[in-house]
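Student: According to the working numbering, the sequence shown is numbered sequentially starting from 117. For each residue, glycine too, the CB sits at the ideal point set by N, CA and C. Pasting a structure below so you can have a look.
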Amino acid sequence: MADDDEHADHDEQEVQDGVHDLAVDRRHLGSLRQGHEPNGDEHARGHEEHSQCACPERRLGTLVHRVSTGGQGVCSGGADRRSKSDAPNFSNWSTHMNSAWRFLIVLSFGLAFLAPREPASRTSVPPLTNALAVTSLGGGVFTIDGSNSAIEVGNIPDLRIDWDPATGTATLKGVARFKGKVPKQRKINPDSDPVCAKMHEGSDFRSEAVLVNKDGMLRNVFVWISKGLESTKFPVPDEAVTLDQKGCRFEPHVQGVMVKQKIFAVNSDATTHNLHAMGRLNENFNFTQSTKGAKKALTFERKETMVFVKCDIHPWMGAYFGVVTNPFHTTTGADGAFELKNLPPGTYTVSAWHEKYGIQKKEVTVGDGKTEEIEFSFKKRRRRKG
Numbered sequence: 117m118a119d120d121d122e123h124a125d126h127d128e129q130e131v132q133d134g135v136h137d138l139a140v141d142r143r144h145l146g147s148l149r150q151g152h153e154p155n156g157d158e159h160a161r162g163h164e165e166h167s168q169c170a171c172p173e174r175r176l177g178t179l180v181h182r183v184s185t186g187g188q189g190v191c192s193g194g195a196d197r198r199s200k201s202d203a204p205n206f207s208n209w210s211t212h213m214n215s216a217w218r219f220l221i222v223l224s225f226g227l228a229f230l231a232p233r234e235p236a237s238r239t240s241v242p243p244l245t246n247a248l249a250v251t252s253l254g255g256g257v258f259t260i261d262g263s264n265s266a267i268e269v270g271n272i273p274d275l276r277i278d279w280d281p282a283t284g285t286a287t288l289k290g291v292a293r294f295k296g297k298v299p300k301q302r303k304i305n306p307d308s309d310p311v312c313a314k315m316h317e318g319s320d321f322r323s324e325a326v327l328v329n330k331d332g333m334l335r336n337v338f339v340w341i342s343k344g345l346e347s348t349k350f351p352v353p354d355e356a357v358t359l360d361q362k363g364c365r366f367e368p369h370v371q372g373v374m375v376k377q378k379i380f381a382v383n384s385d386a387t388t389h390n391l392h393a394m395g396r397l398n399e400n401f402n403f404t405q406s407t408k409g410a411k412k413a414l415t416f417e418r419k420e421t422m423v424f425v426k427c428d429i430h431p432w433m434g435a436y437f438g439v440v441t442n443p444f445h446t447t448t449g450a451d452g453a454f455e456l457k458n459l460p461p462g463t464y465t466v467s468a469w470h471e472k473y474g475i476q477k478k479e480v481t482v483g484d485g486k487t488e489e490i491e492f493s494f495k496k497r498r499r500r501k502g
């Protein structure tokens, strides 16, 4: 046991010697980097310390030195620095390793203790893996959503001003015009459903995608105030809007609705229909109405223009909702006209959307008690060659 302790003490002493050798080398190199040679005493002392063992492995510590030299301490001049009594005894190899492991464990705990630590009050937040999206605006709980987590920041006060109808004295009105040759609409074959086929027997049953009257006015253009009313809070209308399935079509084809305003889905046909919403921001519903007179209430919870609704049973059936945050929206009729009444005076961005020809925007300023007229012109898009 005494022999084991003697070997352990000897190993630790030689580790310290190896560290000392490295310090000598670094001091010597530091003098050279500063552009001068060490004086004679420093050079002699450094050379004496450095020449005690010329093995590169020796500077990394005695244990590595022993393994790399087969247990022999090969020093300068080929002489063994240690006496035979100091030579490693491989029968006690486990004792040497235990000493080394004890040294490394103590060193590890020391480094861990000295390592900088984060303040206890700091709260680490899991990283969000996807693009961040603000999911609550205009008051309430403000959250940031990722694909796997959400951070609740807190209750944000709603700073918007309540709408005062008495301030609504201005009017915007205009038309949506189609320019160019009017495309012929696709003919629909309803024979897959006997009820639909009977309804349209002998009629010219066609798509509603592009409807232009004889004066070139475009129907089914959704028009709304898209910018300029952000500081005003509007109440959700009490009256509901209706999406009817009538004559194996959706009626109306295009309409607007405010966020959280009630929508009634109604089936007026004696056949089964399906309503399948295809929005990007709102939760998509998908259900069937199999009996005539069926009725179901729906809402959209987020602003989105536009939300497409289709019937999976009758592929020609489709409708669009413009989901907005103010009541100033409308859809052009057969005459292509629109009117937005009771606006507060101000400067606005007016947007107009068509399912085939995209969206257009115009900025307009309207004064107190005044009426401004604007016009939107749509035309067929040219296909890119190649």
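Can you give me the start and stop residues for the beta strand (DSSP E) that Ala-313 sits inside?
Tutor: Here Ala-313 belongs to no beta strand (DSSP E); instead the alpha helix (DSSP H) covers 310-315.
Student: On the DSSP letters alone, give me the boundaries of the beta strand (DSSP E) that Glu-479 sits inside.
Tutor: It spans 474-482 - the beta strand (DSSP E) in which Glu-479 sits, taken as one unbroken run.
Student: For Gln-301 and Phe-424, I'd like the C-alpha separation in whole angstroms.
Tutor: C-alpha separation (whole angstroms): 19 Å.
Student: What is the residue span of the beta strand (DSSP E) that Gln-377 lies within?
Tutor: No beta strand (DSSP E) holds Gln-377; DSSP gives it neither H nor E.
Student: In three-state DSSP terms, what is Val-257?
Tutor: No answer about Val-257 holds up, because its pLDDT of 45 lies below 50 and its placement is not dependable.
Student: For Ala-453, which beta-bridge partners are listed by DSSP?
Tutor: Val-291.
Student: What is the rounded straight-line gap between the Cα of Thr-387 and the Cα of Ile-379?
Tutor: Rounded to whole angstroms, Thr-387 to Ile-379 spans 21 Å at the Cα level.
Student: Answer yes or no: do Ser-467 and Trp-340 have a C-beta to C-beta separation smaller than 7 Å?
Tutor: Yes, Cβ-Cβ distance for Ser-467 and Trp-340 is below 7 Å.
Student: Entirely within the stretch 390-428 and at least 3 residues each: give me those beta strand (DSSP E) ranges in chain order.
Tutor: Here the runs fully enclosed are 402-405, 411-414 and 420-426.
Student: Work out the CA separation of Phe-321 and His-430 for me, nearest whole Å.
Tutor: Near 14 Å, if we compare the C-alpha coordinates of Phe-321 and His-430.
Student: Could you pull out every residue in the same chain whose Cβ sits closer than 8 Å to the Cβ of Arg-293, ignoring the five residues on either side in sequence?
Tutor: The residues are Gly-332, Met-333, Leu-334, Gly-452, Glu-491, Phe-492, Ser-493 and Phe-494.
Student: Cβ of Arg-365 versus every heavy atom of the ligand ATP: is any distance shorter than 6 Å?
Tutor: By its list of ligands, the structure shown contains no ligand whatsoever, and the ligand ATP lies outside what it can speak to.
Student: Work out the CA separation of Val-373 and Lys-412 for me, nearest whole Å.
Tutor: Going by the C-alpha atoms only, they are around 16 Å apart.
Student: State the start and end residues of the unbroken beta strand (DSSP E) segment that holds Glu-488.
Tutor: Per DSSP, Glu-488 belongs to the beta strand (DSSP E) from 487-495.
Student: So if DSSP puts His-470 in a beta bridge, which residue, or which two residues, is it bridged to?
Tutor: Partner(s): Gly-474.
Student: Note down the Cα distance separating Trp-432 from Arg-418, rounded to an integer number of angstroms.
Tutor: Roughly 27 Å between the two C-alpha positions.
Student: Going by other Cβ atoms of all chains shown within 10 Å of its Cβ, with 16 needed for buried, is Ser-201 buried or exposed?
Tutor: Any reading at Ser-201 needs caution, since the residue's pLDDT is 47, under 50, leaving its predicted position unreliable; the model's value is listed next. Answer is exposed; the Cβ neighbour count stays below 16.
Student: Hey, out of Leu-459, Pro-443, His-389 and Glu-488, whose CA is closest to Val-352's CA?
Tutor: Residue Pro-443 is the option with its Cα nearest to Val-352.
Student: Find the nearest neighbour of Ala-313 within the set Cys-364, Leu-327 and Asn-329, judged by alpha-carbon distance.
Tutor: It is Cys-364 whose Cα lies nearest to the Cα of Ala-313.
Student: Look up Thr-446 in the DSSP assignment and say whether it is helix, strand or coil.
Tutor: Strand.
Student: Between which residues of its own chain and His-389 is the CB-CB distance below 6 Å, once the five residues before and five after are set aside?
Tutor: Cβ neighbours of His-389 beyond the five flanking positions: Gln-361, Asn-383, Gln-405 and Cys-427.
Student: Could you tell me if Asp-484 is buried or exposed, where buried requires 16 or more neighbouring beta carbons within 10 angstroms of its beta carbon?
Tutor: Result: exposed.
Student: Please report the straight-line C-alpha distance between Thr-285 and Lys-457, rounded to a whole angstrom.
Tutor: So the two alpha carbons sit approximately 8 Å from each other.
Student: Please state whether the Cβ-Cβ distance between Lys-477 and Thr-463 is less than 7 Å.
Tutor: In this structure, Thr-463 does not lie closer than 7 Å to Lys-477 by Cβ.
Student: Tell me the rounded alpha-carbon separation between Lys-376 and Phe-350.
Tutor: Roughly 12 Å separates the two Cα atoms.
Student: Rounded to a whole number of angstroms, what is the C-alpha to C-alpha distance between Asn-305 and Gly-318?
Tutor: Their backbone Cα atoms lie some 11 Å apart in a straight line.
Student: Looking only at C-alpha atoms, which of Lys-295, Thr-348, Ala-450 and Thr-487 sits nearest to Leu-275?
Tutor: Closest option to Leu-275, Cα to Cα, is Thr-348.
Student: In whole angstroms, give me the CA-to-CA distance for Arg-497 and Lys-472.
Tutor: If you take the alpha carbons of Arg-497 and Lys-472, they lie about 9 Å apart.
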